[in-house]
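Before any comments, here is the structure.
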Amino acid sequence: VRVLQCHPSWSAVAPSWLTATSASQAQASSHLSLQSSWDYRHIVPCNFCIFCKDRINKLEKAVAAAHTFFVGNPEHMEMRQNLDYYQTMSGVKEADFKDLETQPHMQEFRLGVRLYSEEQPQEAVPHLEAALQEYFVAYEECRALCEGPYDYDGYNYLEYNADLFQAITDHYIQVLSCKQNCVTELASHPSREKPFEDFLPSHYNYLQFAYYNIGNYTQAVECAKTYLLFFPNDEVMSQNLAYYAAMLGEEHTRSIGPRESAKEYRQRSLLEKELLFFAYDVFGIPFVDPVSEGTGAGRESERETAVRISQEIGNLMKEIETLVEEKTKESLDVSRLTREGGPLLYEGISLTMNSKLLNGSQRVVMDGVISDHECQELQRLTNVAATSGDGYRGQTSPHTPNEKFYGVTVFKALKLGQEGRVPLQSAHLYYNVTEKVRRIMESYFRLDTPLYFSYSHLVCRTAIEEVQAERKDDSHPVHVDNCILNAETLVCVKEPPAYTFRDYSAILYLNGDFDGGNFYFTELDAKTVTAEVQPQCGRAVGFSSGTENPHGVKAVTRGQRCAIALWFTLDPRHSERDRVQADDLVKMLFSPEEMDLSQEQPLDAQQGPPEPAQGSLSGSELKPKDEL
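Numbered by UniProt numbering, the letters in the sequence shown go through residues 1 to 628 in order.
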């Protein structure tokens, strides 16, 4: 490692304390960055070096030492006066004013850029290529310095307490962070307040133009493609590449790839970044990417800054984000409230209750979504295809020990139909009904973006007769679909293990011939009931999945309650994998005509907003607390 070039020449006359200290600093902990140790290891010894060399009449080296110190301390007036004095002395040449601490890769780069700026591309190329070679050498040296004992940051080791695995994790993440910071270290120069921006990619940018100017289009293409590794969406470079393709031909241009050294460098860097971001997400160990290289199709804005934040700042930022999210959510809720009430799309469906009648926001109850015959067919499918505990990680009574849960997903039903174990048309009906509900939800709530299935489940809850007498629990306790509800504090925390990506929910009932099992909305206290819905065939309840709609299911005390439960997301990244597989299977098993909801074509979307039904309701009457 190049620590101090002026050291050998002045060690004979320098005090022992200075020599010893410099030597020990050269072997200091690997986590002392090149930049952070610059002031002492480099500048202070060189300042003393000037005095030593001046006194022993080594003028040439004194000038170089003075210039080196001044590069790192341009505001140092005394050194400026020394340099002005040296310039007046006989025997001092312009070449003597050199920076002894310039790293080879930086020296070659600056020289190459200067020659390029002076329109000497032929002379600039070898220096820029040499800068690249020296850069990768220095990069490996810097990474090697990161391998060392754990840096406790002063006396923090006195308070550090971790088990073996945590200690290994902390140390490994620290080493990876140090290695990632080498990019910043190598782009830094004492004469600059900030590192060169996009330092490594800029080498390929300059080389691309230099090779173009000297007529070496093959090398220009190679450098252009290498630059695009780092910035794949750069329009100017993409245009340059298109120009080269016109010059050399498409086939020849395609045969030229980016440089392997850059590909390997970037791949390793991206893999390390993924590990560091994973450590941030899982362990809370902060990492902010010093360079925007991209960890996928694009970069996330919160990872663009190059400042390493502490854990306290990270926690503060999370709190701020939560507050902003809540405020945004409040504004969004008002917007949604004024927009709901779109067409129900299909003939025979009636609006039974809207948000106003349900004493909330983003709520709806519809009847006639499916016919009695379809309800019976789907119930039969459940009883034949459903598995005990399916959809609940095998738990037969996931929410209460007083009921048994049986369920089947869309994809599983279609697979069973393909195998001939259940009627295929029944499985297809299940698929089509879920798609029908999705379309209705999109239309009624007037959503600008499509809904994607997050999870779909045909499930029956059956009361266990022997344990119903003294029963006081719910079939499903009050909860919120996309956050963890704390009813005592009236707070709902939107973080895992909650399904934070869920935006809308719907329940389509298949029967009503049982006791109990009513669906109900509450306030955040989970006690104040705002509306209650009595299940019946073809009735659907739809609502947004956030804190505005806490809900639960009352105990099923006799019989079996069957329904299709659906959760939707506006984020395609969280689209249900089973649904994608189900879509593919339907395309394989059915013709395009059969795939459509051919018997039920949607009505004209321009029809007016639906109005809630008047008078008594099928299967129930309006009750004081808006029970259905």
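Glycine residues also receive a C-beta, built at the ideal position from the N, C-alpha and C atoms.
| Item | Value |
| --- | --- |
| Does the pairing of the region 101–119 with the region 130–143 give three or more beta-carbon distances under 8 Å? | yes |
| Any contact between the region 407–416 and the region 429–440? By contact I mean 3 or more CB pairs, one from each, below 8 Å. | yes |
| For G516, count neighbouring C-beta atoms within 10 Å of its own C-beta (all shown protein chains included) and say buried if the count is 16 or more, exposed if not. | buried |
| Am I right that G559 and F514 are in contact with their C-beta atoms under 8 Å? What's the rounded C-beta distance? | 3 Å |
| Identify which residue in T184, N205, L207, Y204 has its Cα closest to the Cα of F196. | T184 |
| Quick one: grab the DSSP three-state call for S350. | strand |
| Does the beta-carbon of R421 have 16 or more other beta-carbons within 10 angstroms, so that it is buried, or is it exposed? | exposed |
| Output needed for P612: all residues of its chain with C-beta closer than 8 Å, excluding positions within five of it in sequence on either side, in chain order. | L351, T352, M353, N354, L357 |
| Under the assumption that S454 contacts F543 (Cβ atoms under 8 Å), give the Cβ distance between them as a whole number of angstroms. | At roughly 14 Å, the Cβ-Cβ gap does not stay under 8 Å, so S454 and F543 are not in contact. |
| Going by beta carbon distance, what residues of the same chain come within less than 8 Å of S202, once the five residues before and after it are set aside? | F196 |
| Mind pulling the beta strand (DSSP E) runs of 3 or more residues that sit fully within the UniProt domain "Fe2OG dioxygenase" (456–570)? | 476–479, 484–486, 491–493, 504–509, 519–522, 529–533, 540–544, 551–553, 556–558, 560–569 |
| Pull the bridge partners of R363 from the DSSP assignment, please. | F543 |
| On the three-pair Cβ rule with 8 Å, is the region 436–456 touching the region 517–527? | no |
| Output yes or no for whether 8 Å exceeds the beta carbon distance between A582 and L416. | no |
| Evaluate T226 with the Cβ neighbour count: other Cβ atoms within 10 Å of its Cβ, from every protein chain shown; 16 or more gives buried, anything less gives exposed. | buried |
| For Y452, which residues does DSSP report across the bridge? | T569 |
| Look up M106 in the DSSP assignment and say whether it is helix, strand or coil. | helix |
| Does R114 pass the burial test, meaning 16 or more other C-beta atoms within 10 Å, or should it be called exposed? | exposed |
| By how many angstroms is the C-alpha of I168 removed from the C-alpha of E627? | Low per-residue confidence applies at E627: pLDDT is 37, beneath 50, and the placement is therefore not dependable enough to give any value. |
| Is S22 buried or exposed, if buried means 16 or more other CB atoms sit within 10 Å of its CB? | Any answer about S22 is weak, because its pLDDT of 36 lies below 50 and its placement is not dependable; what the coordinates show is given next. Answer is buried; the Cβ neighbour count reaches 16. |
| Three-state secondary structure (DSSP) at Y150? | coil |
| To the nearest angstrom, how far is the alpha carbon of P610 from that of E250? | 58 Å |
| Using alpha carbons as the reference points, say which of P121, C223, R539, V493 lies closest to I507. | R539 |
| Give the straight-line distance between the Cα atoms of R339 and V365, rounded to the nearest whole angstrom. | 16 Å |
| For D448, count neighbouring C-beta atoms within 10 Å of its own C-beta (all shown protein chains included) and say buried if the count is 16 or more, exposed if not. | exposed |
| Going by alpha carbons, who is nearest to G257 out of D234, E222, E272, D163? | E222 |
| Find the nearest neighbour of A469 within the set V556, N518, C460, judged by alpha-carbon distance. | V556 |
| Need the endpoints of the alpha helix (DSSP H) that L229 sits in, please. | 217–230 |
| Take the Cβ of T547 as the centre, count every other Cβ of all protein chains shown within 10 Å, and call the residue buried at 16 or more, exposed below. | buried |
| Could you tell me the distance, in whole angstroms, from the CA atom of A463 to the CA atom of Y504? | 28 Å |
| Below 8 Å between beta carbons: does that hold for N511 and C537? | yes |
| Taking the alpha carbon of V137 as the reference point, which residue from H127, H105, L145 has its own alpha carbon closest? | H105 |
| Could you tell me the alpha carbon to alpha carbon distance between V282 and L164, rounded to whole angstroms? | 18 Å |
| Taking C-alpha atoms, which residue in V478, Y520, Y116 lies nearest to R363? | Y520 |
| Assign P612 to one of three DSSP states: helix, strand, or coil. | coil |
| Should A246 go down as buried or exposed, given a rule of 16 or more other Cβ atoms within 10 Å for buried? | exposed |
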